[in-house]
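2 protein chains.
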Amino acid sequence: MHQPDHLKSAGLKSTLPRLKVLDLFENSKERHLSAEDVYKQLLSSGEDVGLATVYRVLTQFEQAGLLVRHHFEGGKSVFELNKGEHHDHIVCLQCGHVEEFFDTAIEARQENVATTLGFTIRDHSLHIYGDCTKKDCPHKP
Amino acid sequence: MHQPDHLKSAGLKSTLPRLKVLDLFENSKERHLSAEDVYKQLLSSGEDVGLATVYRVLTQFEQAGLLVRHHFEGGKSVFELNKGEHHDHIVCLQCGHVEEFFDTAIEARQENVATTLGFTIRDHSLHIYGDCTKKDCPHKP
DNA sequence: TATACAAATGATAATCGTTCTTATTTGCAT
DNA sequence: ATGCAAATAAGAACGATTATCATTTGTATA
Chain H
0 MHQPDHLKSA
10 GLKSTLPRLK
20 VLDLFENSKE
30 RHLSAEDVYK
40 QLLSSGEDVG
50 LATVYRVLTQ
60 FEQAGLLVRH
70 HFEGGKSVFE
80 LNKGEHHDHI
90 VCLQCGHVEE
100 FFDTAIEARQ
110 ENVATTLGFT
120 IRDHSLHIYG
130 DCTKKDCPHK
140 P
Chain B
0 MHQPDHLKSA
10 GLKSTLPRLK
20 VLDLFENSKE
30 RHLSAEDVYK
40 QLLSSGEDVG
50 LATVYRVLTQ
60 FEQAGLLVRH
70 HFEGGKSVFE
80 LNKGEHHDHI
90 VCLQCGHVEE
100 FFDTAIEARQ
110 ENVATTLGFT
120 IRDHSLHIYG
130 DCTKKDCPHK
140 P
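Taken in sequence, the protein lines are chains H and B. The opening position of the first sequence corresponds to residue 0 in numbering that gives the first Met the number 0, with each subsequent residue numbered one higher. The opening position of the second sequence corresponds to residue 0 in numbering that gives the first Met the number 0, with each subsequent residue numbered one higher.
So, in structure tokens, the structure goes:
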């Protein structure tokens with residue numbers, strides 16, 4: 000798990016808001032949280048944080064490599080704990096549920112495409128949007 | 000080329016602003032334009048359009064299938080003429096140049112992934128970000 | 001061709017997500 | 001305990017986009 004050390008080694012003081020945010024990501028059943036999500040959940044847990052602080056902390060955690068930021072459609076950024084391994088996302092347009100996947104073939108072809116076009120890949124984002132046909136969508140937003 | 004018919008068949012009156020916007024996309028050497036881009040270019044061409052109209056028209060054109068909207072990183076939407084054929088994008092982080100590509104293998108694997116996870120694909124977006132290693136990047140933003 | 005009316009426009013206010021500012025508080029080394 | 005740099009909270013500011021609404025413009029009809 001994450002001790003305050005994680006923060007310290009990232010050059011960040013281990014303050015209350017930072018610990019709370021980290022806690023939330025580790026204990027929430029929802030892997031993908033927006034700044035607004037984090038803010039609201041902390042408030043309803045009785046914590047007294049400012050929205051500006053949430054944004055600041057999320058950005059710092061991203062830069063420290065603790066979180067990964069995603070730009071899904073809809074304008075708002077979504078964060079998740081950095082598991083170290085890259086993966087892409089498939090998002091249900093009906094219930095907002097997000098599943099992660101990794102496909103070696105796709106990754107390989109991307110390298111291929113980039114090389115062909117004379118690019119060096121720095122990053123990429125693949126988002127599939129669809130309908131999750133499972134009987135019970137557990138996550139209604 | 001696009002005649003006013005295109006608008007009419009989309010259920011849109013062929014008004015001056017709409018024709019101008021369509022013209023711009025057909026005659027601009029830059030395929031990918033943001034709302035702000037369109038607005039500024041029309042103004043500097045002596046046209047007198049409102050920014051709100053540009054946004055409205057772009058959205059209508061997207062819904063009518065004349066344009067395709069992309070959400071690249073950076074917060075703003077970018078539009079391009081709908082060529083009918085799907086393609087993905089690779090964006091140069093240095094100069095902002097956008098290249099289009101289509102890879103059958105990637106498309107096929109996506110279907111595969113979605114099926115495996117119990118999804119029906121509605122849409123997807125694959126953006127590769129990198130450095131375009133060509134000697135002269137022609138498009139400096 | 002004149003006209004009438006719904007549809008479209010332009011100016012501006014409002015909204016949304018996010019960042020900035022600043023006075024106050026807090027972690028932590030002394 | 002104490003001091004001070006770093007972090008915070010509140011709210012202003014911001015950029016992109018959308019909504020409002022009075023005015024204008026296509027276009028179908030007389």
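Where is the CB? At the ideal position from N, CA and C, for every residue including glycine.
Grouping DSSP H, G and I as helix and E and B as strand, with all else coil, what is E99 of chain B?
The count along the second sequence starts at 1 and reaches residue 99 of chain B at position 100. Looking at E99 of chain B - three-state DSSP - the assignment turns out to be strand.
Taking the beta strand (DSSP E) that D122 of chain H falls in, what are its first and last residues?
In the first sequence, residue 122 of chain H corresponds to position 123, counting from 1. Element bounds for D122 of chain H: 118-131.
By the 10 Å Cβ neighbour count, where 16 or more other Cβ atoms means buried, how is M0 of chain H classified, buried or exposed?
Taking the first sequence and counting its residues from 1, one reaches residue 0 of chain H at position 1. The predicted position of M0 of chain H is uncertain, since its pLDDT is 44 and thus under 50; a value taken from the coordinates is nonetheless stated next. Exposed, because fewer than 16 other Cβ atoms sit within 10 Å of the Cβ of M0 of chain H.
Residue-level contact to chain H via CB, V112 of chain B, 8 Å cutoff
Taking the second sequence and counting its residues from 1, one reaches residue 112 of chain B at position 113. Taking Cβ atoms only, chain H reaches closer than 8 Å to V112 of chain B, which makes this a yes.
Kindly indicate which three-state DSSP category D87 of chain H falls into: helix, strand or coil?
Position 88 of the first sequence, counted from the first residue, corresponds to residue 87 of chain H. Three-state result, D87 of chain H: strand.
Member of B:T58, B:L66, B:E35 whose CA lies at the smallest distance from the CA of E84 of chain B
Working through the second sequence from its first residue, we reach residue 84 of chain B at position 85. If we check each option's Cα against that of E84 of chain B, B:L66 comes out closest.
Given 8 Å as the limit, is there contact between the segment 53-69 of chain H and the segment 80-96 of chain H, that is, 3 or more CB pairs closer than that?
yes
Proximal chain B residues relative to G64 of chain H, where beta-carbon distance stays under 9 Å:
Position 65 of the first sequence, counted from the start, is the residue given in the question as residue 64 of chain H. Ordered by position in chain B, no residue passes the 9 Å Cβ test against G64 of chain H, which lies about 18 Å from the chain.
Option in H:H69, H:Y38, H:S76, H:C91 with minimal Cα separation from C131 of chain H
The residue given as residue 131 of chain H occupies position 132 in the first sequence. Minimum Cα distance to C131 of chain H is reached at H:C91.
How far does the beta strand (DSSP E) with V67 of chain B in it extend, from its first residue to its last?
Residue numbering aside, residue 67 of chain B sits at position 68 when the second sequence is read from its first letter. Looking at the DSSP string, the run of the beta strand (DSSP E) that includes V67 of chain B is 66-70.
For S33 of chain H and chain B, any beta-carbon pair shorter than 8 Å?
The residue you call residue 33 of chain H lines up with position 34 of the first sequence. Not one chain B Cβ lies under 8 Å of S33 of chain H.
When burial is assigned at 16 or more other CB atoms within 10 Å of the CB, is E98 of chain H buried or exposed?
Numbered from 1 along the first sequence, position 99 holds the residue referred to as residue 98 of chain H. Flag for E98 of chain H reads buried.
List the whole-angstrom C-beta distance separating F71 of chain B from I89 of chain B, where the pair is believed to meet the contact cut-off of C-beta under 8 Å.
To locate residue 71 of chain B, count along the second sequence from 1; it is residue 72. To locate residue 89 of chain B, count along the second sequence from 1; it is residue 90. Incorrect: roughly 11 Å between the Cβ atoms, too far for contact.
The beta strand (DSSP E) with L80 of chain B in it runs from where to where?
Numbered from its first residue, the second sequence carries residue 80 of chain B at position 81. Residues 76-80.
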